[in-house]
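Just so you know, the protein sequences line up as chains A and B, in that order.
Under numbering that gives the first Met the number 0, the first residue of the first sequence carries the number 0, and numbering increases by one thereafter.
Under numbering that gives the first Met the number 0, the first residue of the second sequence carries the number 0, and numbering increases by one thereafter.
Built from N, CA and C at the ideal position, the CB exists for glycine as well.
Taking it in order: structure first as structure tokens, then the write-up.
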Amino acid sequence: MNSIIHPLLIIIWKDILLEIRSKDTIISVLVFGALLAIVFNFALNINPRQISEIAAGIIWVSFAFSAILIMNRTFVREQEQGSLDGLLLSPISRDVIFLSKVLVSFLFMITIEAILLPLFAAMLNINNFSWILLATMVLTTLGFATVGTLFSFMAVKTRSREIMLPVLFFPIILPVIIGAIEASRGSFGIGYEPSWNRWLPLIAIFDALFLVICPWIFSYLVEE
Amino acid sequence: MSIQNEPKNTDEEFRIKEHWPLVHLPKYLAVLGLVLMTINMYLIFLVAPTDIVLGHIQRIFYIHVPMAILSFLCFFIVFIGSLGYFGVFQVFKLRSIKQNTWDSVAHSAAEVGVIFVTLALITGVIWAKPVWGTWWTWEPRLTTTLILWLIYVSYLMLRSYARSTKQGAVFSAVIGIVGFVDVPIVYYSVVWWRSIHPSAVIGPFSESNSLDPTMNLILWFSFLTILVLFAYLLLERIALRNTEFDLARLKLLRELKRIR
Chain A
0 MNSIIHPLLI IIWKDILLEI RSKDTIISVL VFGALLAIVF NFALNINPRQ ISEIAAGIIW
60 VSFAFSAILI MNRTFVREQE QGSLDGLLLS PISRDVIFLS KVLVSFLFMI TIEAILLPLF
120 AAMLNINNFS WILLATMVLT TLGFATVGTL FSFMAVKTRS REIMLPVLFF PIILPVIIGA
180 IEASRGSFGI GYEPSWNRWL PLIAIFDALF LVICPWIFSY LVEE
Chain B
0 MSIQNEPKNT DEEFRIKEHW PLVHLPKYLA VLGLVLMTIN MYLIFLVAPT DIVLGHIQRI
60 FYIHVPMAIL SFLCFFIVFI GSLGYFGVFQ VFKLRSIKQN TWDSVAHSAA EVGVIFVTLA
120 LITGVIWAKP VWGTWWTWEP RLTTTLILWL IYVSYLMLRS YARSTKQGAV FSAVIGIVGF
180 VDVPIVYYSV VWWRSIHPSA VIGPFSESNS LDPTMNLILW FSFLTILVLF AYLLLERIAL
240 RNTEFDLARL KLLRELKRIR
């Protein structure tokens, strides 16, 4: 067990340390997220009556775009100095490398979301929060991180690099985005109250399925 | 260069192997498909009764339905091919099938599938306007088909953006598996989404209408025709891919010979 946990923590700590010292990902994604909130405000010309209807949509589209930016960074940074090869050469199981990358992306995303959410709540005038929103955020972000890590590994290796990730990511992740929007809408107490109890299991099933499939496929991918 | 001056080469390695056993099948399928297609057009436009409610537009349905169903079959083949590429079927004593064969089947099926699903979407949109009164509606089957189209377009994109053929094969096999597993989840999420966002589907179309026996027969005939077309396209594409590989190999061998 220790042979799994220890390297996992080392890789995660390495990435966190890199982020603490450079601070480039978190800050730029935060600014991007705030800009999205402003753009949405003018694009949709929101008035107070309809705001509660579309708040969940705005929040999750912004979170998904921010997630894409973060995941692009996870492997680009590794690729630049050839440290990815070093990571793969080290005597660590492929699954552990994959899981550590998933967890790093997850941590960065959930940090961004935790900072952006109060901002959005203030801008969109959301008053009621509940544990459902928290559960939705955790499960959805886990889904984003799992699928996104697999795809960003492939994307950085292709010729088009960053462009490829959103093209691969969004069609696959669509059910999670639908689920997240509906579950948060339920948690804001708008209209369809009982809907969250079907959307959270949907996201959870998606996460469970891809947490099994993605590490398995990753072990084939890195052999290439 | 020196190629022309060389003596005629009889080396074993320069001979193209016929590694695809069904080399001649596409020719027969092409002839059969042509005959069936002609009969099918006759049946659709002259024999099939005109729908009382929908009128002539209903005839597009004989092309649309088989295309949509067969595109799903294509993506199932892509899924199987991708799994085979990763060696999942080695437990069933299928070692004789080479990795490259799995990949070329998956790649060809994906290309044919994208064509079929594109045609299904276009015919669907043409059908939807007069029947539902709108070009597009976020109905579960429509949405799932659109997502399917996006997934397999990205499959082909990933293949062409890869740095090597091997890399393209591995990466697209990943999408072949992940994409196929994702489709039922997409379908159910949109079904549930629809159940809370009812949208106005106007027009007389209802799901439960039973088909006229003649219509049903012609639909099955169209299905057979499109199936032959599908088999022809798939086999021809696989053969073409094998030829491409042979050509690449021969070029490489020639280069090596010249260097020597």
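Tell me residue i's beta-bridge partners as DSSP assigns them.
i, result
"residue 50 of chain B", "B/54"
At the level of alpha carbons, what is the spacing between residue i and residue j?
i, j, result
"residue 49 of chain B", "residue 58 of chain B", "8 Å"
"residue 230 of chain B", "residue 84 of chain B", "21 Å"
"residue 54 of chain B", "residue 79 of chain B", "40 Å"
"residue 3 of chain A", "residue 238 of chain B", "47 Å"
"residue 19 of chain A", "residue 138 of chain A", "25 Å"
"residue 144 of chain A", "residue 144 of chain B", "25 Å"
"residue 205 of chain B", "residue 214 of chain B", "Any answer about residue 205 of chain B is weak, because its pLDDT of 42 lies below 50 and its placement is not dependable; what the coordinates show is given next. Looking at the two C-alpha atoms, the distance is approximately 17 Å."
"residue 203 of chain A", "residue 135 of chain A", "9 Å"
"residue 159 of chain A", "residue 246 of chain B", "27 Å"
"residue 1 of chain A", "residue 81 of chain B", "34 Å"
"residue 29 of chain B", "residue 227 of chain B", "8 Å"
"residue 233 of chain B", "residue 142 of chain B", "26 Å"
"residue 104 of chain B", "residue 92 of chain A", "32 Å"
"residue 27 of chain A", "residue 186 of chain B", "35 Å"
"residue 200 of chain B", "residue 146 of chain B", "Caution is warranted here: a pLDDT of 44 is assigned to residue 200 of chain B, below 50, making its placement in the model unreliable, and the coordinate value is therefore given only provisionally. Answer to the nearest angstrom: the Cα atoms are 21 Å apart."
"residue 23 of chain A", "residue 87 of chain B", "42 Å"
"residue 117 of chain A", "residue 110 of chain A", "12 Å"
"residue 205 of chain A", "residue 59 of chain A", "17 Å"
"residue 196 of chain A", "residue 182 of chain A", "8 Å"
"residue 115 of chain A", "residue 31 of chain A", "10 Å"
"residue 241 of chain B", "residue 27 of chain B", "19 Å"
"residue 61 of chain A", "residue 31 of chain B", "53 Å"
"residue 16 of chain A", "residue 119 of chain B", "51 Å"
"residue 219 of chain B", "residue 24 of chain B", "23 Å"
"residue 78 of chain A", "residue 67 of chain A", "17 Å"
"residue 235 of chain A", "residue 10 of chain A", "Any answer about residue 235 of chain A is impossible in this case: the structure gives chain A only from 0 up to 223."
"residue 184 of chain B", "residue 163 of chain B", "32 Å"
"residue 44 of chain A", "residue 133 of chain A", "28 Å"
Please compile the residues from chain B whose C-beta is within a distance smaller than 7 Å of the C-beta of residue i.
i, result
"residue 104 of chain A", "Going along chain B, no residue has its Cβ under 7 Å from residue 104 of chain A, so there is no contact; the nearest lies around 17 Å."
"residue 170 of chain A", "146, 149, 150 and 153"
"residue 159 of chain A", "160"
"residue 174 of chain A", "184, 185 and 188"
"residue 60 of chain A", "Here the premise fails: no neighbours, minimum Cβ distance about 15 Å."
"residue 208 of chain A", "180"
Which residues in chain B have a C-beta closer than 8 Å to the C-beta of residue i? List them in chain order.
i, result
"residue 197 of chain A", "191"
"residue 178 of chain A", "188"
"residue 153 of chain A", "157, 170 and 173"
"residue 141 of chain A", "The contacting residues do not exist; residue 141 of chain A stays about 15 Å from chain B at best."
"residue 167 of chain A", "153, 157 and 174"
"residue 201 of chain A", "184, 187, 188 and 191"
"residue 205 of chain A", "184"
"residue 212 of chain A", "176, 177 and 180"
"residue 70 of chain A", "Here the premise fails: no neighbours, minimum Cβ distance about 15 Å."
"residue 77 of chain A", "Residues of chain B passing the Cβ test: none, with the nearest at roughly 17 Å."
Could you list which residues in chain A have their beta carbon closer than 7 Å to that of residue i, in chain order?
i, result
"residue 181 of chain B", "171"
Please list the partners that residue i has in chain A, where partner means a Cβ-to-Cβ separation under 8 Å.
i, result
"residue 178 of chain B", "170 and 171"
"residue 71 of chain B", "Those do not exist, as residue 71 of chain B stays about 16 Å from chain A at its closest Cβ, beyond 8 Å."
"residue 85 of chain B", "216 and 219"
Starting from residue i, find everything on chain B with Cβ-Cβ shorter than 9 Å and list it in chain order.
i, result
"residue 163 of chain A", "153, 156, 157 and 160"
"residue 52 of chain A", "Within chain B, no residue comes near residue 52 of chain A; the closest Cβ sits about 11 Å away, beyond 9 Å."
"residue 18 of chain A", "Neighbours of residue 18 of chain A on chain B: none; closest Cβ ~27 Å, over 9 Å."
ask   = Taking one C-beta from the segment 156-170 of chain A and one from the segment 59-71 of chain A each time, how about it: are there three or more such pairs within less than 8 Å?
value = yes
key: the segment 149-159 of chain B touching the segment 101-115 of chain B, judged by at least three CB pairs closer than 8 Å   = yes
ask   = What alpha helix (DSSP H) runs, 4 residues minimum, are completely inside the segment 108-162 of chain B?
value = 139-160
inquiry  = Runs of 4 residues minimum, wholly inside the segment 136-190 of chain A: which ones carry the alpha helix (DSSP H) assignment?
reply    = 163-186
query = Would the segment 115-134 of chain B and the segment 128-135 of chain A be scored as touching if the rule is three or more Cβ pairs under 8 Å?
reply = no
inquiry  = Taking contact to mean 3 or more Cβ pairs, one atom from each stretch, closer than 8 Å, check whether the segment 96-103 of chain B and the segment 28-38 of chain B are in contact.
reply    = no
task = Give, in chain order, every unbroken run of the beta strand (DSSP E) that is at least 3 residues long and sits entirely within the segment 80-136 of chain A.
result = none
inquiry  = Below 8 Å, how does it come out for the segment 170-189 of chain A and the segment 39-54 of chain A: are there three or more Cβ pairs, yes or no?
reply    = yes
inquiry  = For the structure I just gave you, are there three or more beta carbon pairs, one from the segment 35-44 of chain A and one from the segment 91-104 of chain A, closer than 8 Å?
reply    = no
message = Is it the case that the segment 84-93 of chain A contacts the segment 172-179 of chain A, given that we only count it when at least three CB pairs across the two stretches are under 8 Å?
response = no
task = Go through the segment 8-95 of chain A residue by residue and report every complete run of the alpha helix (DSSP H) that reaches 4 residues or more, in order.
result = 23-43, 50-79 and 82-88
Inter-stretch contact (C-beta, 8 Å, three-pair minimum) for the segment 128-140 of chain B and the segment 170-177 of chain B = no
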